[in-house]
Each structure stands twice: as C-alpha cells, then as structure tokens.
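J.: Quick one: the structure is below, questions incoming.
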C-alpha cells in the first residue's frame, strides 16, 4: 500500500464546475496535509495546507480533512481552464520529509 | 507565503563537469531544506534532507559523493552535482519548511527548480 494515494486521472470538468480531488494516506501519525499544484515544467506551488479535522477555505479552494478516515480532499469551485494542472497531495509526520502522492491531473474544459 | 529562490534556473553542462545549485529562503530561516529530483512525467523524488550545520541525510539509492549538499547557513543550501553525466539530466527542486505550530506542524515551500541538461 502506498503511503499517499491519489487517482492519477485525468479528471475532466467543465469550466465553472466544482472539481473534487481526493487523497488517502496510510500513516495515522501524519500531522500536516498539503495540496500543491504543479504546472508542466514548473515546481509545485502550495495552494492549501490543513492540519485540523474539518474544512478550510481559501478563495475558490476548500480543503477537507478527516483523520479518522485518513482522507484529505480538495474542492475547487468555479473551475477555470487555468486550474488545469497536476494536483499533488502530500503529508508530513513530525520532522520527516513530505511524502507525496503521485498526483491527479485535472483538465478544465472551456 | 514564504519564498524560496533557486539559482540557476537552467544550466547546460558537458559530461564530466560539476554543477552547483543554490537554494535560498528569502524571508525566513530554514534549519531544514530538502532536495528533490523530478524526471519527465514522474512524481518528485526526495534525494536528501539538508540540515544547517550538520551532514545531509540521503535517501536510499542516492550517491552522497556524487550529490554534495552543504547547508552552511540558515538561509542557504547548495547541491553540487559532481562529474555530471547525461543520466543526471533532470529537474532539481529544493524546498524549505516553516514551523507553524509547536509539535511538528510545518508549512513547506518549493523553489522554482533548476533544469539541468548534461550533454
């Protein structure tokens, strides 16, 4: 079992729709949870960070964390073509390095 | 958010030469920095963890003598690819973390990356 699992996609949504990205993790000791966006040929850009159960909203983005189910999700409202990218879920346990999922490719159709 | 810079952004070198990549935290101090490598259409692979004032910790399979890491200050870590070969051509990305809450809650930011091409 991979430590962080994501569906590789592509996830295709029409412009203006809600994109829902999901991630599960295996280490119950994980403390911080991240969503990064990576455009082709670029480095990852941090878009959401969450460490408490529940929802965290920032603009069009909402991260949801459920530690009991070991599940993290990212919702993107009013999806735009510019949101088309690979979304990486990552977790940290204490002082350890980030553990990444393999990423979900999102395509927003104009 | 915090800013991490990396230099150079792109480098082309001949096989057998060495290349140094710098990673700086611009508006915060980073006791720990990380070096990743990413090949086309693959996920990021952690190469090593760089700790200020001490030796780096390398991941399994990463040659420490080939990828020299120096973290001499709280804002600068360097990665030197020694005797580079074409198979070392890749996208190298550094990362630094910021402690948000005591008890191990961090945010982690990435530099813009360095694209190395060895001919």
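Chains as they are written, first to last, in the numbering used here: chain A, 19 to 128; chain B, 11 to 129. All C-beta atoms, glycine included, are put in the ideal place defined by N, C-alpha and C.
#1: On the premise that residue 118 of chain A lies in contact with residue 54 of chain B, defined as a C-beta separation below 8 Å, what is that separation, rounded to the nearest angstrom?
#2: Measuring CB atoms only, is the stretch 75 to 90 of chain B touching the stretch 84 to 100 of chain A, in the sense that at least three cross pairs come out at less than 8 Å?
#3: Report the neighbours of residue 121 of chain A on chain B: residues whose CB is nearer than 8 Å to its CB, in chain order.
#4: Can you tell me where the beta strand (DSSP E) holding residue 72 of chain A begins and where it ends?
#5: Do residue 69 of chain A and residue 44 of chain A come within 8 Å of each other at the CB atom, strictly closer than that value?
#6: At which residue ranges does the stretch 52 to 86 of chain B contain complete beta strand (DSSP E) runs of 3 or more residues, listed in the order of the chain?
#7: Measuring only the C-alpha atoms, how far is residue 60 of chain B from residue 115 of chain A?
#8: By DSSP, does residue 62 of chain A sit in helix, in strand, or in coil?
#9: Between residue 86 of chain B and residue 32 of chain B, which are expected to be in contact by the criterion C-beta below 8 Å, what is the C-beta distance as a whole number of angstroms?
#10: Assuming residue 55 of chain A is part of the beta strand (DSSP E), what are its boundary residues?
#11: Give the residues of chain A in contact with residue 59 of chain B, contact being defined as C-beta atoms less than 8 Å apart.
#12: If you measure beta-carbon to beta-carbon, which residues of the stretch 17 to 48 of chain B are closer than 7 Å to chain A?
#13: CA-CA distance, residue 162 of chain B and residue 51 of chain B?
#14: Taking Cβ positions only, does residue 70 of chain B come closer than 8 Å to chain A?
#15: I'd like to confirm the pairing. Which residues does DSSP put opposite residue 105 of chain B in its beta bridges?
#16: Given a cut-off of 8 Å on the beta-carbon distance, is the pair residue 43 of chain B and residue 105 of chain B in contact?
#17: Determine the chain B residues that contact residue 62 of chain A at a beta-carbon separation under 8 Å, and present them in chain order.
#18: So the candidates are A:83, A:125, A:63; which of them puts its Cα closest to the Cα of residue 71 of chain A?
#19: Check the DSSP bridge columns for residue 103 of chain A and list the partner residues they point to.
#20: Spatial neighbours of residue 67 of chain B within its chain, please: C-beta separation below 7 Å, excluding the five flanking residues on both sides.
T.: The answer reads as follows:
#1: 6 Å
#2: no
#3: 53
#4: 72 to 76
#5: no
#6: 55 to 61, 77 to 83
#7: 11 Å
#8: coil
#9: 7 Å
#10: 50 to 56
#11: 115
#12: 44
#13: A query on residue 162 of chain B cannot be resolved here, the shown segment of chain B reaching from 11 to 129 and no further.
#14: no
#15: B:44, B:120
#16: yes
#17: 54, 103, 120
#18: A:83
#19: A:124
#20: 58, 59
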